[in-house]
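Position 29 of the sequence shown, counting from 1, maps to 14 under this note's numbering, and the rest follow consecutively.
Glycine is no exception: its CB is placed at the ideal position from the N, C-alpha and C atoms.
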Amino acid sequence: NLSVLEAFQDLKDKLNKPFFMEIIILGSWAIWISRNNKKFEHIAPSFQGWKFIFLEELKLLRYKMKKKYAHQFSAWLDVVI
-14 NLSVLEAFQD LKDKLNKPFF MEIIILGSWA IWISRNNKKF EHIAPSFQGW KFIFLEELKL
46 LRYKMKKKYA HQFSAWLDVV I
């Protein structure tokens, strides 16, 4: 059993990407949007719904990524998608 911090550190070590925190933040943001969709749009939350939102947010992040990480992020995103 890992604590939340240990789980984040484990994920950070496995991803080994300089944009790790952006991935975590957008994953959390996608959960928040899914929650709001349930509350305000009456859309039942699902893993597929969360994944769709998460991937769309990652695609948008591609255009805001620092130039020194842009190529690495785009390559990673192409593998994820």
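Burial check for Ile8: the Cβ neighbour count within 10 Å reaches 16 or more, so the residue is buried. In the structure shown, Asn(-14) falls within a coil segment according to DSSP collapsed to helix, strand and coil. For Lys36, the closest of Trp14, Lys52, His56 and Glu26 by C-alpha to C-alpha distance is Trp14. Non-local beta-carbon contacts of Ser59 in its own chain, meaning distances under 7 Å to residues more than five positions away in sequence, involve Arg47 in chain order.
Exposure of Ile66 is indicated by the presence of fewer than 16 other C-beta atoms within 10 angstroms of its C-beta.
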